[in-house]
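Residue numbers (UniProt numbering), protein chains in the order written: chain A, 1 to 217; chain B, 1 to 217. The next block holds one structure in the form of structure tokens; read it before the comments.
Protein chains: 2
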Amino acid sequence: MKEDSIIISKATIDRLPLYFRTLRLLQREDVEIISSEELGRRLGITPEQIRKDLASFGQFGKKGVGYYVKELLRNIGDILGLHCNWNFAIIGVGHLGWALANYRHFSSLGFNLAAIFDVDPTKIGLHINGVQVFHLDDMEKIVQEKNIHIGIIAVPEAHAQEVADKLVVSGIRGIWNFAPRKIRVPGSIYVIDEDLSVGLSSLSYYLARKTPPKQQI
Amino acid sequence: MKEDSIIISKATIDRLPLYFRTLRLLQREDVEIISSEELGRRLGITPEQIRKDLASFGQFGKKGVGYYVKELLRNIGDILGLHCNWNFAIIGVGHLGWALANYRHFSSLGFNLAAIFDVDPTKIGLHINGVQVFHLDDMEKIVQEKNIHIGIIAVPEAHAQEVADKLVVSGIRGIWNFAPRKIRVPGSIYVIDEDLSVGLSSLSYYLARKTPPKQQI
DNA sequence: TAGATTGTTAATCGATTAACAATC
DNA sequence: TAGATTGTTAATCGATTAACAATC
Chain A
1 MKEDSIIISK ATIDRLPLYF RTLRLLQRED VEIISSEELG RRLGITPEQI
51 RKDLASFGQF GKKGVGYYVK ELLRNIGDIL GLHCNWNFAI IGVGHLGWAL
101 ANYRHFSSLG FNLAAIFDVD PTKIGLHING VQVFHLDDME KIVQEKNIHI
151 GIIAVPEAHA QEVADKLVVS GIRGIWNFAP RKIRVPGSIY VIDEDLSVGL
201 SSLSYYLARK TPPKQQI
Chain B
1 MKEDSIIISK ATIDRLPLYF RTLRLLQRED VEIISSEELG RRLGITPEQI
51 RKDLASFGQF GKKGVGYYVK ELLRNIGDIL GLHCNWNFAI IGVGHLGWAL
101 ANYRHFSSLG FNLAAIFDVD PTKIGLHING VQVFHLDDME KIVQEKNIHI
151 GIIAVPEAHA QEVADKLVVS GIRGIWNFAP RKIRVPGSIY VIDEDLSVGL
201 SSLSYYLARK TPPKQQI
């Protein structure tokens, strides 16, 4: 295992979930072996890139043959830590929080929605997708009780920092931030920002000048 | 203007919306002038990076002074094509489509939700956020009528390609794809993939090995 | 064995960082 | 003027692509 010796690029890590999801599809199609060539064709990624990405974690393929789908799937799942069965919480039951609470792909990847938080008294106590909505003030207690590691911020911008602070105090380790604002947290907390207006804005950029980039992501 | 002579990196373009949103915040705070130093501090981006990004589109700053917030805001808005008042459509009234239809930031950036599409007869004719839900079969007509340029795919994976095909035929120019599947479209159509499970999976990767990357995005 | 395909090293390409002259 | 800060060029760093030896 090279994970600890060599620094893996962020770009590589972001491609792993794509490989994973495609391999799952292949498994469902009863494909047992796949070459980097064919996997690349499916994803719009060069075979060299795929081999390089995978090789940075170990030797998962068989020369002259390809990759065993089932085996590679297990390996990538392990690399991504999907076996950890992370518990996560959603903060904010607006339209976006509601949608995320009902998003099926998370649980199929092994993530478990353990709690939802809001401040609106009419929402506290509700069950969304079978998960209870708690008051923000009870976060510390619930996070401990339910062993929650990841917090998803889906509150209005104005409250994002306040919620982030609460999450940190409660002992969360990772934050997925949908609020379009930079949040400040200690260095030990990992944050991923997901500002949805970035996607639409960059689309606008390309459409406005009629120059589609050569390669999609 | 250098836009046409020099190829701007995708990384730069993805940062423009971040600059834009921060400048808007500054304007609301009545800040008139900002230095790359201070803007960088707010965003967690180096000042050199910001100056480089902006300089690739023109000379927007004043040496020894900084950038005029109002002026820079207008310039970045123009670069991003936000003045084009793009009409967009959402396809799929599931939880995600519903949330996107109600997302306020799009309209505040000048994007106009002009139509929603689904196939469920109980949803056709409904108005969400004041916008009518049409049947998928009427797409070509409605897209033409309402001059829609952008389609947001929020349907289950299994139907993503079929919807993409319909969008292309209808004359759409850009697609924002939330379905976790690669869609195939002609080269002239610009596609942005937004697979929400990538965010959670990469969080999982870092949490599983306790090595937060030095820099957040 | 011959053909295929990986894993790895080297070459290229692109993006970020550093340095500094220009100038407000 | 002196101090500050941009815009730009050069240096560094990192990621992708190409090439090919290893080997199934």
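All C-beta atoms in this analysis are idealised placements derived from N, C-alpha and C, irrespective of residue type, glycine included. Predicted, not measured: the structure shown is a model, and the values here were computed from it.
Query: Assuming Gly174/B is part of the alpha helix (DSSP H), what are its boundary residues?; Result: First-last for Gly174/B: 174 to 177, but that is the beta strand (DSSP E), not the alpha helix (DSSP H).
Query: With which residues is Ile148/A paired in a DSSP beta bridge?; Result: For Ile148/A, which the question treats as bridged, DSSP gives no partner whatsoever.
Query: Check whether the region 60 to 69 of chain A touches the region 88 to 102 of chain A, counting contact only when three or more Cβ pairs, one atom from each stretch, lie closer than 8 Å.; Result: no
Query: Quick check: is the beta carbon of Val143/B nearer than 8 Å to any beta carbon in chain A?; Result: no
Query: Can you give me the C-alpha to C-alpha distance between Gly199/B and Pro17/A, rounded to a whole angstrom?; Result: 9 Å
Query: Take Ser170/B and list the residues in its own chain whose beta-carbon comes closer than 6 Å to its own, dropping the five residues that flank it on each side.; Result: Met139, Glu140, Val143
Query: Three or more C-beta pairs under 8 Å: does that hold for the region 104 to 111 of chain B against the region 121 to 128 of chain B?; Result: no
Query: Note down the Cα distance separating Asn177/A from Phe60/A, rounded to an integer number of angstroms.; Result: 33 Å
Query: Consider the Cβ of Leu23/B: report whether some Cβ of chain A lies at a distance smaller than 8 Å.; Result: no
Query: When DSSP builds the beta bridges, which residues end up paired with Val191/A?; Result: Ile175/A
Query: From the DSSP secondary-structure annotation, give me the bridge partner or partners of Ala164/A.; Result: According to DSSP, Ala164/A bridges with nothing at all.
Query: By a C-beta neighbour count over all protein chains shown, 10 Å radius and 16 as the cutoff for buried, is Pro180/A buried or exposed?; Result: buried
Query: Confirm, please, whether the CB-CB distance from Val133/A to Ile148/A is below 8 Å.; Result: no
Query: Using 8 Å as the limit for Cβ to Cβ distance, is Arg42/B near chain A?; Result: yes
Query: With distances taken from CA atoms, which of Lys182/A, Ala101/A, Asn85/A, Ser201/A is nearest Glu157/A?; Result: Lys182/A
Query: Looking at the structure shown, is Val143/A part of a helix, part of a strand, or coil, going by DSSP?; Result: helix
Query: Roughly how many angstroms lie between the CA atoms of Ala208/A and Gly58/A, to the nearest whole one?; Result: 44 Å
Query: Tell whether a beta-carbon distance below 8 Å holds between Leu80/A and Ser201/B.; Result: yes
Query: Leaving out the 5 sequence neighbours to the left and right, which residues in its chain are closer than 7 Å to Val155/A when beta-carbon positions are compared?; Result: Ile91, Gly92, Val163, Ala179
Query: Looking at the secondary structure, which residues open and close the alpha helix (DSSP H) in which Asp138/A lies?; Result: Segment: none, Asp138/A is in no alpha helix (DSSP H) and carries neither H nor E.
Query: Starting from the beta carbon of Val31/A, find every residue of chain B whose beta carbon is closer than 8 Å, and list them in chain order.; Result: Chain B residues near Val31/A: none, gap ~16 Å exceeds 8 Å.
Query: Can you check whether the C-beta of Ser5/A is within less than 8 Å of a C-beta belonging to chain B?; Result: Residue placement at Ser5/A is flagged as unreliable, the pLDDT there being 49, under the threshold of 50; a coordinate-derived value is accordingly withheld.
Query: Helix, strand or coil: how does DSSP classify Asp118/B here?; Result: strand
Query: Report the partner residues of Gln132/B according to the DSSP bridge assignment.; Result: His127/B
Query: Which of the three DSSP states, helix, strand or coil, is assigned to Ile79/A?; Result: helix
Query: Under three-state DSSP, which class holds Ile50/A?; Result: helix
Query: Using 8 Å as the limit for Cβ to Cβ distance, is Pro213/B near chain A?; Result: Bear in mind that a pLDDT of 48 at Pro213/B, under 50, signals an unreliable position, so the number given afterwards is only what the model happens to contain. True, the Cβ-Cβ gap to chain A drops below 8 Å.
Query: Find the nearest neighbour of Asn87/B within the set Ile175/B, Asp53/B, Leu203/B, Lys210/B, judged by alpha-carbon distance.; Result: Ile175/B
Query: CB-CB under 7 Å to Ile7/B, same chain, minus the five flanking residues each way: which ones, in chain order?; Result: none
Query: Output the distance between the C-alpha atoms of Ser35/B and Glu48/B, rounded to the nearest integer angstrom.; Result: 11 Å
Query: How would you label Ala11/A, buried or exposed, when you count the other beta carbons within 10 angstroms and need 16 or more for buried?; Result: exposed
Query: Which residues bound the beta strand (DSSP E) around Tyr67/B?; Result: 66 to 68
Query: Compute the distance between the beta-carbons of Ala160/A and Ile153/A, then report whether it is under 8 Å.; Result: yes
Query: Looking at the C-beta of Ala208/B, does it have a partner C-beta in chain A at a distance below 8 Å?; Result: yes
Query: If I measure Cβ to Cβ from Leu72/B and keep anything under 7 Å in the same chain, skipping five residues before and after, which residues do I get?; Result: Leu23, Phe60
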